[in-house]
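Chains as they are written, first to last, in this note's numbering: chain A, 8 to 247; chain B, 8 to 247.
Don't be surprised by glycine CBs; every beta carbon is placed ideally from N, CA and C.
On a predicted model such as this, the values are computed, not experimentally measured, just so you know.
Below you'll find the structure, written out as structure tokens, and then a few comments.
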DNA sequence: TTAAAAAACGAACGTTCGTGCTATAACTGC
DNA sequence: GCAGTTATAGCACGAACGTTCGTTTTTTAA
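Here it is as structure tokens:
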């Protein structure tokens, strides 16, 4: 019943905070697969073996629960996808690592239902409110990271200066989302191969420095390897 | 209370069929914006000014209603997006027309909430059943159309033979979906400009024949023009 | 014109949803 | 060990969901 995040964190938390984190872990898992509306308080309580009211007291409203879930997903995304890809030196190599990291992430190595924020944004794009705003803001954050990496690669003289960072970021993001979309719908990991090839070919076309910075065109590494699989413990139960 | 589809169709239909079509028209509109679950029988009945039970009798179950709605959306998509783009001669020009047609379609000129099938597939990708299967099959249909257009352009000697049709189709589709996604989330039509530029640049890189077949890089035509706006009559009401 | 058939209605069912209240149990600091 | 805070449980609510059923209205065919 304890969870990893809590163990890592400093001890001596008020008891409720632990439960809360534990709840959110399950919540993120459910929501990534069945959406933030499929994330029902009753269902969450059942899965946590708690009473609805007891669980509910931690958040006060459904919307607060959704916001907290989004926030928890963001933390995990940063820790599992963004930060590891930002360790090396700036340049085209880091840019490519960001892409690879995201593609791995989307294969279900982090969340049960692929990219959490893709699912959430598709679900809330026509539902104005704080949740939608937060999700959009987080996606903007990610875009910013991508664009910065692009500009850094340009500044390092490794990437053609003529291409606009926003344009390239859009393309990379679209190809990645496309892979996530196809994989979720068809369950065919081939989509990731196609996306990888497309991004790589685009980057290679823009690379000004020697292309050894980029890997060969074929599959570059085992896609299921670094999976820490943070949130995969809960029972897999699809909507009836 | 009559609808266009019905007027076009042969007269002397049993009266119920007319109502059914009229219902589906509203259903498609609601579902494209708020999803196939947001498409509630009660809400639909209210919007149609009918009783729940009277409306319900036309379909027998929620799932049948959803399936019928998906089918209706497919008809509209074919009529409004696919067929108009397939009129001219085969080749790279037709391929580009397909892309343009789709981008126009996604700007909300056909459905209230952008691409109906993008929304539907994102909603049902983790919900096994007939609805999901049908949506996936329809998306496959569209992929097939795209791939065929690519192969025809290659056969006509206007497109580099080396690129695999499936690869290019994936890329085009991803860029288009990416634009649809960004537009729905941020409401910024700039996404379509970026997608258009990306597809155009990719095609131009692959074009073997003279590039006059493809338009200039900039915006090529007024994006809101041909809109017949089939399904836009119903009151615009967002989820509370 | 009238009888059969089709379509629409109104009311209700059993669930599940999110959300309040109140009481009890479990921790915490003195 | 006790008081006081915090966490959880139990129960109930109003609303909305999909669905069923019996009745009433409307259309169709003879």
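Secondary structure of residue 214 of chain A (DSSP, three-state): strand. Inclusion of residue 146 of chain B and residue 192 of chain A in the CB contact set at 9 angstroms is warranted, their separation being smaller than that value. In the pairwise beta carbon analysis, the region 154-166 of chain B is classified as touching the region 90-98 of chain B: at least three pairs are separated by under 8 angstroms.
Under DSSP, residue 166 of chain B takes part in a beta bridge, and its partners are B/214.
Membership of residue 178 of chain A in the alpha helix (DSSP H) is indicated by the continuous run 172-193. Assignment of residue 47 of chain A by DSSP, reduced to helix, strand and coil, places it in the coil class. Straight through space, the alpha carbons of residue 215 of chain B and residue 112 of chain B are spaced by roughly 28 angstroms. Uninterrupted alpha helix (DSSP H) stretches at least 4 residues long and entirely within the region 72-138 of chain A occur at 99-111 and 123-131, given in chain order. Exclusion of the five residues before and after residue 33 of chain A leaves 51, 54, 55 and 241 as the residues of its chain whose Cβ lies within less than 7 angstroms of its Cβ.
Here the alpha carbon of residue 88 of chain B sits roughly 45 angstroms from the alpha carbon of residue 66 of chain A. Taking 9 angstroms as the threshold, the shortest C-beta distance from residue 188 of chain A to chain B falls below it. Taking the Cα of residue 30 of chain A as reference, the smallest distance to any Cα among A/41, A/73, A/44 and A/40 is reached at A/73. Residues of the same chain with a CB within less than 6 angstroms of the CB of residue 177 of chain B, apart from the 5 flanking positions on each side, do not exist. A distance below 8 angstroms between beta-carbons, with the five flanking residues on each side excluded, links residue 23 of chain B to the following residues of its chain, in chain order: 65.
Contact annotation, residue 198 of chain B with residue 186 of chain B: C-beta distance approximately 4 angstroms; criterion of less than 8 angstroms satisfied. Interface criterion met: the Cβ of residue 201 of chain A is under 9 angstroms from a Cβ in chain B. Boundaries of the alpha helix (DSSP H) harbouring residue 62 of chain B: 59-63, taken from the DSSP string. Residues of chain B with a Cβ closer than 7 angstroms to the Cβ of residue 193 of chain A are, in chain order, 143.
Taken through DSSP and simplified to helix, strand or coil, residue 66 of chain A comes out as coil. Here residue 161 of chain B is buried, its C-beta having at least 16 other C-beta atoms within 10 Å.
Taking a beta-carbon distance threshold of 9 angstroms, residue 54 of chain A does not count as an interface residue toward chain B.
C-alpha of residue 141 of chain B to C-alpha of residue 206 of chain B: approximately 28 angstroms in a straight line. Closest by C-alpha distance to residue 213 of chain A, out of A/26, A/98 and A/143, is A/98. Per the C-alpha coordinates, the member of A/209, A/175 and A/78 positioned closest to residue 150 of chain A is A/175. Comparing alpha carbon positions, the residue from B/189, B/179, B/139 and B/173 closest to residue 76 of chain B is B/139. Under the Cβ distance rule, residue 184 of chain A counts among the residues neighbouring chain B, one pair being separated by less than 9 angstroms. Excluding sequence positions up to five before and after residue 109 of chain A, its CB lies within less than 7 angstroms of the CB of 88 and 183, all in the same chain and listed in chain order. For residue 56 of chain A, the three-state secondary structure derived from DSSP is coil. Taking a Cβ-Cβ threshold of 9 angstroms, none of the residues of chain B is close to residue 57 of chain A; the smallest such distance is about 24 angstroms. For residue 37 of chain B against residue 45 of chain B, the beta-carbon gap comes to about 7 angstroms, under 8 angstroms, which counts as contact.
Looking only at A/85, A/119, A/116 and A/195, the smallest Cα-Cα distance to residue 148 of chain A is reached by A/85.
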